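**Student:**
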Amino acid sequence: MSDASLVKSRVIFVRHGQTDFNIGGRVQGVIDIELNEVGRAQAAEMGPIVATFQPDAIISSDLSRAMDTAHEISRHSGLEVVADPRIRERNFGAFEGLSRDEMLAEHPQWYREWRSTGDCAGAQIESREDVGQRFAEVVVEVVNAAPGTYVFVSHGSAITQGITHLLGIAPGSWSGLRGLDNCHWSILEQADRSPYWRLVGHNIGA
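Counting from 1 along the sequence shown, just add 173 to a position and that's the residue number in this note's numbering.
1. Is the Cβ-Cβ distance between residue 206 and residue 238 less than 8 Å?
2. Using DSSP with H/G/I as helix, E/B as strand and the rest coil, what is residue 378?
3. List in chain order: all unbroken alpha helix (DSSP H) runs of 4+ residues lying wholly within the segment 184 to 236.
4. Could you tell me the boundaries of the beta strand (DSSP E) in which residue 297 lies?
5. State the Cα-Cα distance for the pair residue 176 and residue 312, rounded to the nearest angstrom.
6. Reducing DSSP to helix, strand and coil, say where residue 182 ends up.
7. Is residue 185 closer than 8 Å to residue 226 when the C-beta atoms are compared?
8. List the whole-angstrom C-beta distance separating residue 326 from residue 243, where the pair is believed to meet the contact cut-off of C-beta under 8 Å.
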């Protein structure tokens, strides 16, 4: 076995800063919502801390709230941000832009199905399995190309599904893993045995 094959990668998943949709309880999904003033301050505080991990690359969702968050890490690392739409937020279909009350009023049956099962094909919500698969695909692709430390800036649901997929957890069994707060991060390291990743830090903040 070569020395190179013994090198393990580390990945840091960062959730974007706060938006007005976050504080208003509205589903963002793939709607391109910008950071609000608080979110920009959160990103500015988080950026130099995450940069101390000395990442080899910064990969971000192409949505502006993630890209603007990623640029705060870039400013302190000297790395360009690479946009990849495969780590976008989950597409929430008919629920995009709606509050809980609006979802209940407009689509009560779909809402109940979504809350009880986590998925709802009728509302054209992207499945958790599909989200986790596309997210993990990017991670595996990056670390297979060159072992190292990588930062991925993404979204709440996308990161949760990505982590569970990498850890081999079924989408319906992730409820013990809470989603990340804004501008918080999780750390995974490669491992020798299945599922070949281990969660070493979760929902860490400045």
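In this text, a Cβ means the ideal position worked out from N, Cα and C, and glycines have one as well. Model, not experiment: these values are computed from the prediction.
**Tutor:** A quick look at the data gives this:
1. Going by C-beta atoms, residue 206 is nearer than 8 Å to residue 238.
2. In the three-state reduction of the DSSP assignment, residue 378 falls in the coil class.
3. Within the segment 184 to 236, complete alpha helix (DSSP H) segments of at least 4 residues are found at 193 to 197 and 210 to 224, given in chain order.
4. Unbroken run through residue 297: none, as it is neither H nor E.
5. With a pLDDT of only 43 at residue 176, under the threshold of 50, the placement of this residue in the model should not be trusted; the figure read from the coordinates follows. Taking the straight line from one Cα to the other gives about 22 Å.
6. Three-state DSSP puts residue 182 in coil, outside helix and strand.
7. Yes, they are a contact pair.
8. Between residue 243 and residue 326 the Cβ distance is about 4 Å, and since that is below 8 Å, they are a contact.
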